[in-house]
Amino acid sequence: MTPSHFALSSAFMLGLAGLAFYRTHILSALLCLEGLMLSLFIGLSLWTLQFDSMSSAPLPMILLAFSACEASVGLALLVASTRTHGTSRLQSLNLLQC
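In this note's numbering, the protein residues as written are 31 to 128.
Given below as structure tokens:
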């Protein structure tokens, strides 16, 4: 296993572990999701550079655009949840508890 592959895998696993353990607040879950998306972006960029394929060159930018959309929707959900329920906990997003 190369050092870059190890660093990429460990960054992804740290983001996944953070998402599993720190999912009480919306903002901490969003930060862990952004870490996951960043590690996927770096991995996809390195994969494109390694194989010199021009057909997959725009894929990292598309992933980055989807990551920005995901972050904006998550922050909008955070603001809406805080305004309606008065808390930023993920348990308040469950519709069965309202």
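Think of the CB as a built atom: it goes at the ideal place given N, C-alpha and C, for glycine as much as any other residue.
What separation, rounded to the nearest whole angstrom, lies between the Cα atoms of residue i and residue j?
| i | j | result |
| --- | --- | --- |
| Leu123 | Leu66 | 22 angstroms |
| Phe2 | Leu120 | Outside the modelled stretch of the chain, which goes from 31 to 128, sits residue 2, for which no answer is possible. |
| Met9 | Leu38 | In the structure as shown, the chain begins at 31 and stops at 128. Residue 9 is therefore absent and cannot be evaluated. |
| Ile56 | Ser34 | 30 angstroms |
| Leu70 | Pro90 | 9 angstroms |
| Gly104 | Leu76 | 27 angstroms |
| Leu107 | Ser58 | 13 angstroms |
| Asp82 | Ser40 | 25 angstroms |
| Ser111 | Met31 | 43 angstroms |
What would DSSP say about residue i, mapped onto helix, strand or coil?
| i | result |
| --- | --- |
| Arg53 | coil |
Residue i and residue j: beta carbons closer than 8 angstroms?
| i | j | result |
| --- | --- | --- |
| Leu63 | Glu100 | yes |
Check your understanding: Just checking, does the segment 88 to 96 make contact with the segment 40 to 50 on the three C-beta pairs under 8 angstroms criterion?
Key -> The segment 88 to 96 is not in contact with the segment 40 to 50.
Review point. If you scan the segment 43 to 107 from start to end, which runs of the alpha helix (DSSP H) of 4 or more residues do you find wholly inside it?
Key: DSSP assignment within the segment 43 to 107 yields the following whole alpha helix (DSSP H) runs of 4 residues or more, N-terminal first: 56 to 81.
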